[in-house]
Amino acid sequence: MRRTHTLYAGLAATLGLAFGTATSSCNAIVDTDVVQCKTTADCASKGGEFADSVCSAGVCTLGDCTSNQECSGRFGGAPAICRRPGRICVQLTTPECQEVVPLDALAEDQTVVLGFIGPLSGADVSSGVPAWQGVKLALNELEQSAVGLPVKDSTQRRRVAVVACDDANDPQRVASHLAKDVRAPLIIGPAFSSVTLDISTKVTIPAGSLLMSFSATSPAITDLNDQGLVWRTCPSDALQAIPIAKLVSELEQELRTEQSIPATTPIKVAMTVLGDAYGTGLANAASGLIEFNGKPANDNGDNFLRIDYKPDTTDFASTVSAVLSENPQIVLLVGTTETVTSLFATLKDDANALKRYYVFSDGGKIQQLLDSTAPNAALRQRVFGTAPGRATAQYQAFKSRYKAFYQNQDPGTYAEHAYDAAYLAAYSLVATSEAAPTGALMNQGLARSIGGEPIQAGPNQVNTAFGALLLPDGKIDYDGVSGPLDFDVTKGEAPADVDVWCIDGTGKFASSGQFYNSITEQVDGARTNCN
Numbered sequence: 123m124r125r126t127h128t129l130y131a132g133l134a135a136t137l138g139l140a141f142g143t144a145t146s147s148c149n150a151i152v153d154t155d156v157v158q159c160k161t162t163a164d165c166a167s168k169g170g171e172f173a174d175s176v177c178s179a180g181v182c183t184l185g186d187c188t189s190n191q192e193c194s195g196r197f198g199g200a201p202a203i204c205r206r207p208g209r210i211c212v213q214l215t216t217p218e219c220q221e222v223v224p225l226d227a228l229a230e231d232q233t234v235v236l237g238f239i240g241p242l243s244g245a246d247v248s249s250g251v252p253a254w255q256g257v258k259l260a261l262n263e264l265e266q267s268a269v270g271l272p273v274k275d276s277t278q279r280r281r282v283a284v285v286a287c288d289d290a291n292d293p294q295r296v297a298s299h300l301a302k303d304v305r306a307p308l309i310i311g312p313a314f315s316s317v318t319l320d321i322s323t324k325v326t327i328p329a330g331s332l333l334m335s336f337s338a339t340s341p342a343i344t345d346l347n348d349q350g351l352v353w354r355t356c357p358s359d360a361l362q363a364i365p366i367a368k369l370v371s372e373l374e375q376e377l378r379t380e381q382s383i384p385a386t387t388p389i390k391v392a393m394t395v396l397g398d399a400y401g402t403g404l405a406n407a408a409s410g411l412i413e414f415n416g417k418p419a420n421d422n423g424d425n426f427l428r429i430d431y432k433p434d435t436t437d438f439a440s441t442v443s444a445v446l447s448e449n450p451q452i453v454l455l456v457g458t459t460e461t462v463t464s465l466f467a468t469l470k471d472d473a474n475a476l477k478r479y480y481v482f483s484d485g486g487k488i489q490q491l492l493d494s495t496a497p498n499a500a501l502r503q504r505v506f507g508t509a510p511g512r513a514t515a516q517y518q519a520f521k522s523r524y525k526a527f528y529q530n531q532d533p534g535t536y537a538e539h540a541y542d543a544a545y546l547a548a549y550s551l552v553a554t555s556e557a558a559p560t561g562a563l564m565n566q567g568l569a570r571s572i573g574g575e576p577i578q579a580g581p582n583q584v585n586t587a588f589g590a591l592l593l594p595d596g597k598i599d600y601d602g603v604s605g606p607l608d609f610d611v612t613k614g615e616a617p618a619d620v621d622v623w624c625i626d627g628t629g630k631f632a633s634s635g636q637f638y639n640s641i642t643e644q645v646d647g648a649r650t651n652c653n
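Numbered by our numbering, the letters in the sequence shown go through residues 123 to 653 in order.
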């Protein structure tokens, strides 16, 4: 461990003796206050050498590094920064955090380091890798379009780098690294609502880092007491529940027609639910809106079966058995990867599989579902789902750029939401223009992303956005590839369209033609694209 310098002078002799060991080789700066600081901001306000210091036990202290390159050398060439304020060497990479993009940005000491958290390995990799790829595309576009972010009242530009961390095994540990060690002012992610609630309340909010999730949709996040430090580019599941209810109602009528079920004969609906904040939040919202057999789902008695399973369960056989024992005509699968790999994987092999419809929430819109239905055209035509976002012209332009960047690979679920988060983070940094941005400052910057100059997502209007944000109290009105993102800045979220998707004849996810319209607040269109 390297020794830190304490910036002090004019203190009482007794105080000098008390700190004698810790300050024997410290720089002395004239300061007649016995207690120099209560916060790091107090140190910065003193100016001069205090500008890069941090407050520790009432004293402004300063580490002994001067550059990122110097710190990288101390860690054997690993990516590292001389963290400011404080001038403390911090290695960016860990066993969970293996990628820094763009890596060469660390050669510049003014580079701002942000974080990314998501499942980059394991069973839920389909929920993390597409989002990280969306972030990397945004970073590349920003680099190509602007070569650094401008700073207000300065000719200086600074770059942005993002440390990507895999939260598959220990989300709190990687969040602590980014928020407490790296002190990233903004972290993009995580993917899941339960992880978002856990790490925000236990790690990032206390540490002062802003968390911007791309896919945490639980309604519980809306009114979280987060001090403005939790935002999301995806809408609340209170909205996703609306097209789910509409879909169930329509599928009931289609079932009655195709199987000649009289209106007087009740059908059965089963709902399997991941028992975390995301699953229960969406299931509760949806079950309150769903109607079949001429009455609300919760009034259907034994004709409505809901099975909640624990997030850490490995016993999916009992859930599948319970569903099949009731022989429902519609099965709702509310959860994430396990709805496909552990539930649908067995349900699809049942003798009555092709007599049912399967409705997935957004967590089931993953590659494994395409793989599971690929050999069976009749089965894929029984599969539907919902997911925030819609294939607008903005999205189609993003998709083209994404495919060009990733060798003709289609963007995965929520790639566009993470892409938007990266752009918004960059614009917030320009809006604040602070040398040492904090989560609170990023919150203020994000609040300037609505109500101003119209800016479309992507590289074409980057410099126009910068110019608007550098004006006194300047604002933009960011139109994202995931949707308009007209944020309620008091809650850090925005309403958005929710698509009803299907699997088309080429074996790819496709918009059915039906969607929840966040402007009209109703379900528009018809499912005509799913043959």
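We put the CB at the ideal spot given by N, CA and C, even for glycine.
Counted within 10 angstroms of its Cβ, other Cβ atoms place N565 as buried (16 or more) or exposed:
Here residue 565 refers to the residue found at position 443 when the sequence shown is read from its first residue. Looking at its Cβ environment, which holds 16 or more other Cβ atoms inside 10 Å, N565 is buried.
Close beta carbons around D599, own chain, < 7 Å, minus the five adjacent residues each side
Residue numbering aside, residue 599 sits at position 477 when the sequence shown is read from its first letter. Same-chain partners within the cutoff: I572, G573, G574, E575, P576, I577.
Residue range of the beta strand (DSSP E) that T355 falls in?
Position 233 of the sequence shown, counting from 1, holds the residue named residue 355. Per DSSP, T355 belongs to no beta strand (DSSP E) and is neither H nor E.
Would you identify the three-state DSSP class for D430, choosing helix, strand or coil?
Within the sequence shown, the letter at position 308 stands for residue 430. Three-state DSSP puts D430 in a strand.
DSSP puts L639 in a beta bridge; with which residues?
For the purposes of this step, residue 639 is identified with residue 517 of the sequence shown, where counting begins at 1. Here residue 639 turns out to be Asn, not Leu, going by the sequence shown. Looking at the DSSP assignment, N639 forms a beta bridge with Q644.
Going by C-alpha to C-alpha distance, which of A260, S243, L184, P252 sits closest to Q583?
Along the sequence shown, read from residue 1 onward, the residue named residue 583 stands at position 461. Per the Cα distances, A260.
Classify T386 as helix, strand or coil using the three-state DSSP reduction.
Along the sequence shown, one-based indexing puts residue 386 at 264. T386: coil per DSSP, three-state reduction.
Segment contact, 8 Å Cβ cut-off, at least three pairs: the stretch 297-306 with the stretch 318-333:
yes
Where P341 and L607 are concerned, what is the direct C-alpha to C-alpha distance, given to the nearest angstrom?
By 1-based counting over the sequence shown, the position of residue 341 is 219. By 1-based counting over the sequence shown, the position of residue 607 is 485. Their backbone Cα atoms lie some 17 Å apart in a straight line.
Helix, strand or coil at F738 [DSSP, three-state]:
The structure shown does not extend to residue 738, since the chain spans only 123 to 653, so no value can be given for it.
Can you name, in chain order, every residue of its own chain whose Cβ lies under 8 Å from the Cβ of P207, other than the five neighbours on each side?
On the sequence shown, residue 207 is found 85 positions in, with the first residue counted as 1. Here the set comprises T162, C165, A166, A173, D174, S175, V176, A558.
Taking the straight line between their C-alpha atoms, what separation do you get for T326 and G614?
Along the sequence shown, read from residue 1 onward, the residue named residue 326 stands at position 204. Along the sequence shown, read from residue 1 onward, the residue named residue 614 stands at position 492. T326 and G614: Cα-Cα distance of roughly 15 Å.
Taking 8 Å as the cut-off, does the stretch 389-397 touch the stretch 427-442 (at least 3 CB pairs, one atom from each stretch)?
yes
7 Å Cβ shell around Q255 - same chain, five flanking residues per side excluded:
Numbered from its first residue, the sequence shown carries residue 255 at position 133. These residues qualify, in order along the chain: Y528, A537.
Which partner residues of K417 appear in the DSSP bridge assignment?
As a working mapping, residue 417 is identified with position 295 in the sequence shown. According to DSSP, which records beta bridges pairwise, K417 is partnered with F414.
Looking at the strands, I want to know which residues DSSP matches up with E171.
Within the sequence shown, residue 171 is the residue found at index 49, counting from 1. None, per the DSSP bridge assignment.
Just the C-alpha distance for Y638 and A367, rounded to the nearest angstrom, thanks.
Within the sequence shown, numbered from 1, the residue matching residue 638 stands at position 516. Within the sequence shown, numbered from 1, the residue matching residue 367 stands at position 245. Cα to Cα, Y638 sits roughly 11 Å from A367.
I need the DSSP call for V157, collapsed to helix, strand or coil.
The residue you call residue 157 lines up with position 35 of the sequence shown. V157 falls in the coil class under three-state DSSP.
Within the stretch 478-534, ranges of the alpha helix (DSSP H) (whole runs, at least 4 residues)
489-495, 499-502, 515-527
Could you tell me if I452 is buried or exposed, where buried requires 16 or more neighbouring beta carbons within 10 angstroms of its beta carbon?
In the sequence shown, residue 452 corresponds to position 330, counting from 1. Result: buried.
Segment contact flag, the stretch 275-295 with the stretch 221-237, C-beta cutoff 8 Å, min 3 pairs
yes
Quick one: is N190 buried, meaning 16 or more other Cβ sit within 10 Å of its Cβ, or exposed?
Residue numbering aside, residue 190 sits at position 68 when the sequence shown is read from its first letter. Classification of N190: buried, given that the 10 Å Cβ count is 16 or more.
In terms of DSSP beta bridges, what is G240 paired with?
Position 118 of the sequence shown, counted from the start, is the residue given in the question as residue 240. Note: G240 sits in a beta bridge opposite D288.
Which word fits S335, buried or exposed, when buried means at least 16 other C-beta atoms lie within 10 angstroms of its C-beta?
For the purposes of this step, residue 335 is taken as residue 213 along the sequence shown, with counting starting at 1. Buried.
Using the three-state DSSP reduction, which class does D437 fall into: helix, strand or coil?
What you label residue 437 is simply residue 315 of the sequence shown in a count that begins at 1. Coil at D437, not helix or strand.
Whole-number beta carbon distance between Q213 and V229, since they are thought to touch under 8 Å
Locating residue 229 in the sequence shown gives position 107, where the first residue counts as 1. Locating residue 213 in the sequence shown gives position 91, where the first residue counts as 1. The question names Val, but residue 229 in the sequence shown is Ala. Not really, about 16 Å apart at Cβ, beyond 8 Å.
Which word fits N530, buried or exposed, when buried means at least 16 other C-beta atoms lie within 10 angstroms of its C-beta?
Position 408 of the sequence shown, counted from the first residue, corresponds to residue 530. The residue in question, N530, is exposed, as its Cβ has fewer than 16 Cβ neighbours within 10 Å.
What beta strand (DSSP E) runs, 3 residues minimum, are completely inside the stretch 175-234?
176-178, 181-184, 202-205, 210-213, 221-223
Could you give the DSSP three-state label for C165: helix, strand or coil?
Counted from its first residue, the sequence shown places residue 165 at position 43. Helix at C165.
Looking at the structure shown, is Q349 part of a helix, part of a strand, or coil, going by DSSP?
As a position in the sequence shown, residue 349 is number 227, starting the count at 1. Coil at Q349, not helix or strand.
Test item: CB-CB of I389 and N420 under 8 Å:
For this step, residue 389 is matched to residue 267 along the sequence shown. For this step, residue 420 is matched to residue 298 along the sequence shown. No, these two residues do not count as a Cβ contact at 8 Å.
Stretch pair the stretch 504-520 + the stretch 479-487: three plus CB contacts closer than 8 Å
yes
Enumerate in chain order the residues of its own chain whose CB-to-CB distance from G534 is below 6 Å, with the five nearest sequence positions on each side excluded.
Indexing the sequence shown from 1 puts residue 534 at position 412. So the qualifying residues of the chain are P252.
Count the other C-beta atoms from every protein chain shown that fall within 10 angstroms of the C-beta of P357, then say buried if there are 16 or more, exposed otherwise.
Numbered from its first residue, the sequence shown carries residue 357 at position 235. Buried, because 16 or more other Cβ atoms sit within 10 Å of the Cβ of P357.
Limits of the unbroken alpha helix (DSSP H) element including L264:
Here residue 264 refers to the residue found at position 142 of the sequence shown. Residues 251-268.
Of the listed residues T441, G627, T612, S640, nearest to Q349 (C-alpha basis)
Stepping through the sequence shown from its first residue, residue 349 is reached at position 227. If we check each option's Cα against that of Q349, T612 comes out closest.
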